[in-house]
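In our numbering, the protein residues as written are 3 to 489.
Quick reminder that beta carbons are idealized off the backbone N, C-alpha and C, glycines included.
Working notes for the structure below.
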């Protein structure tokens, strides 16, 4: 048995569902002028990705923390059409800048909310507008995210024959009893039907989300879900730890004893679920190529690759979305009516921004995102920044190596098995010291997953990472039994 004090590299384990950096943002006081006041939008076109945010859902999952507007199927107020009209105007306005209008659009993602909730004609309008307004790369990837229940025959036929070449479905589970407990709008039979229909029509690049540790979840149900996605021939899947967010219907039901509380993430069954996902995926021919993302060979997520690994600019349009370019993060709040109002006034709704990221913070951002792919490639880092990674982050690397979390190779720094277990904490090692204890950002409007990052950064560094000057000896973790003990 390994000494527990030596095998626990950090005081508290961080579970991040997503990474955004830097997390803290403040209210934009310059309005639509922020872009032209701070960025040369007439610079030569750049490689970039495009995120299109659709802020509607039919139903809110019981523990959903995201911004949404519930869109009824009858939509008597024509809110959908009004929103799409504004979205297309916004897209056209951004494309008039040389930076994006003459840039090379590498990948497109329609998310939300629920991207597939839109009428077929409105999805077509958006797809056509992307190709009308931007220069799309020949090797582009175009993902539509959504709910299988939205896909009737008309929509399936259009999407399968359109420029959309990748589908992402939030299945969560193939077991109806589990979906009912979490209040999910997804239905197992619809997911199976839609996946098979698209495959028959030639769209086989299908991604699927699964959740584990939901109330009532068992290891046998989880293994059954993993086998089912393989039987369906799904090319890519992601796994997410189910979370209970404060002040949601699910948290209230749990507090009243109406719903079983999920197990603690450190529970042995939850850890077994994660191990089973990795082991079963490998046996079924999938590879975990980035944290909690698995794919068959050749089906890696190009949108994430462009955003995180290559670190291209990101233009995000629509309520509740975040852009990144030229050293700034920019956020558009989730208020749909306000968004439409601004667009119709020929203005950008830029609700929150970061301070300009100096060179050090831009390097940190690259490292934080690259570690989602398990390693930092020295040559790529040097070509991007003109400096050596091991020089820029000598203190952080020495600390991680001493704790047994990374290993240094000739061409890269790579996470060890223990580093993979504590990957979120390893990422936090590269947070700028100025971002810790940032309670002010809790008072700003945060939507989507930015709130999670702000909550992490609101604590002091020591809560997650302990004493920066800790001189514990290098860990010697060399057996699966020992890794099971500390994971």
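Rank the options by C-alpha distance to the C-alpha of residue i and give the top, closest one.
i	options	result
residue 336	31, 46, 39 and 54	54
residue 48	10, 80 and 136	136
residue 98	59, 116, 82 and 45	45
residue 299	309, 233, 287 and 138	287
residue 351	334, 364 and 338	334
residue 361	377, 389, 343 and 375	389
residue 339	80, 10, 283 and 376	80
residue 24	290, 363 and 219	363
residue 210	222, 194 and 221	194
What does the alpha-carbon distance come out to for the pair residue i and residue j?
i	j	result
residue 301	residue 143	11 Å
residue 469	residue 451	28 Å
residue 266	residue 151	32 Å
residue 454	residue 424	18 Å
residue 319	residue 417	34 Å
residue 399	residue 293	20 Å
residue 393	residue 384	11 Å
residue 314	residue 371	12 Å
residue 157	residue 437	45 Å
residue 386	residue 304	19 Å
residue 102	residue 43	8 Å
residue 122	residue 75	13 Å
residue 328	residue 309	14 Å
residue 37	residue 95	12 Å
residue 460	residue 18	14 Å
residue 411	residue 397	17 Å
residue 406	residue 10	11 Å
residue 216	residue 264	6 Å
Output needed for residue i: all residues of its chain with C-beta closer than 8 Å, excluding positions within five of it in sequence on either side, in chain order.
i	result
residue 413	379, 380 and 381
residue 214	224, 241, 242, 243, 244, 272, 275, 276 and 279
residue 129	144, 164, 165 and 166
residue 181	174, 175, 188, 189 and 190
residue 159	203
residue 466	12, 13, 14, 16, 427, 430 and 458
By Cβ distance below 6 Å, which residues in the same chain neighbour residue i in space, the five residues on each side in sequence not counted?
i	result
residue 345	88, 91 and 92
residue 176	190, 227 and 230
residue 105	47, 48 and 50
residue 326	316
residue 199	158
Measuring only from the beta carbon, is residue i closer than 7 Å to any heavy atom that is part of the ligand GDP?
i	result
residue 43	Looking at this structure, you won't find the ligand GDP or any other ligand, since it has none at all.
Please state if the CB of residue j and the CB of residue i are separated by a distance shorter than 8 Å.
i	j	result
residue 434	residue 366	yes
residue 86	residue 60	no
residue 207	residue 237	yes
residue 296	residue 369	no
Query raised in the report: Whole alpha helix (DSSP H) runs in the segment 141 to 188 with 4 or more residues, listed along the chain?
Result: 155 to 162 and 178 to 184
Requested in this report: Please specify which runs of the beta strand (DSSP E), each continuous and at least 3 residues long, are wholly inside the segment 326 to 391, giving them in chain order.
Outcome: 330 to 334 and 377 to 379
**Report entry** Completely contained alpha helix (DSSP H) runs for the segment 382 to 448, where each covers 4 or more residues
**Finding:** 391 to 394, 396 to 404, 419 to 423 and 425 to 430
Requested in this report: Could I get the ranges of all uninterrupted alpha helix (DSSP H) runs contained in the segment 62 to 134, with 4 residues as the minimum, in chain order?
Outcome: 81 to 97 and 100 to 103
Query - Completely contained alpha helix (DSSP H) runs for the segment 259 to 331, where each covers 4 or more residues - result: 270 to 285
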